[in-house]
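Per the UniProt record's numbering: the sequence shown = residues 1 to 89. Beneath this line is the structure, given in structure tokens, with notes to follow.
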Amino acid sequence: MGGGPRTFPGGLNKWQWKRLHEKKASEKEKRLLDQEKQLYQASNPILNPRQTSRRRVPATAQQRYLLPITIPWLRETKSKRSPILSTEV
Numbered sequence: 001m002g003g004g005p006r007t008f009p010g011g012l013n014k015w016q017w018k019r020l021h022e023k024k025a026s027e028k029e030k031r032l033l034d035q036e037k038q039l040y041q042a043s044n045p046i047l048n049p050r051q052t053s054r055r056r057v058p059a060t061a062q063q064r065y066l067l068p069i070t071i072p073w074l075r076e077t078k079s080k081r082s083p084i085l086s087t088e089v
């Protein structure tokens with residue numbers, strides 16, 4: 001009854017399969033963030049003064065001049081030191 005090692009499609013083992021799907025998910029996220037970044041920069045005259053009519057812009061003119069508080073494609077840097085260790089006693 002099949003006493004061999006358990007494999008995933010393509011002859012991959014569990015860890016190869018897991019890493020493959022993690023890589024696919026991160027690439028998909030990067031692609032979506034790049035699309036969002038391009039749309040944001042194309043629709044914002046402050047960031048893109050040479051805006052052309054070929055680019056996609058939001059429907060309302062009011063949205064064109066609003067700067068969002070957070071920009072999702074910029075990743076926040078995490079401090080390597082823990083807050084417990086950084087406090088002096």
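Glycine residues also receive a C-beta, built at the ideal position from the N, C-alpha and C atoms. Quick caveat: nothing in here was measured; it's all calculated off a predicted structure.
- Query: Just how far apart, CA to CA, sit residue 93 and Arg31?
  - Reply: Missing from the structure shown is residue 93; the chain here goes from 1 to 89 and no further.
ask   = Applying the criterion that 16 or more other CB atoms from any shown protein chain within 10 Å of the CB defines a buried residue, is Ala59 buried or exposed?
value = Legend: pLDDT at Ala59 = 49, less than 50; position of this residue unreliable, no value from coordinates given.
### Message
Measuring straight from C-alpha to C-alpha, what distance separates Lys5 and Ala25?
### Response
In the sequence under discussion, the amino acid at residue 5 is Pro, which differs from the Lys named in the question. Those two C-alpha atoms are separated by around 27 Å.
What are the partner residues of Leu32, as DSSP defines its beta bridges?
Per DSSP, none; premise fails for Leu32.
Bridge partners of Leu12, per DSSP? Phe8
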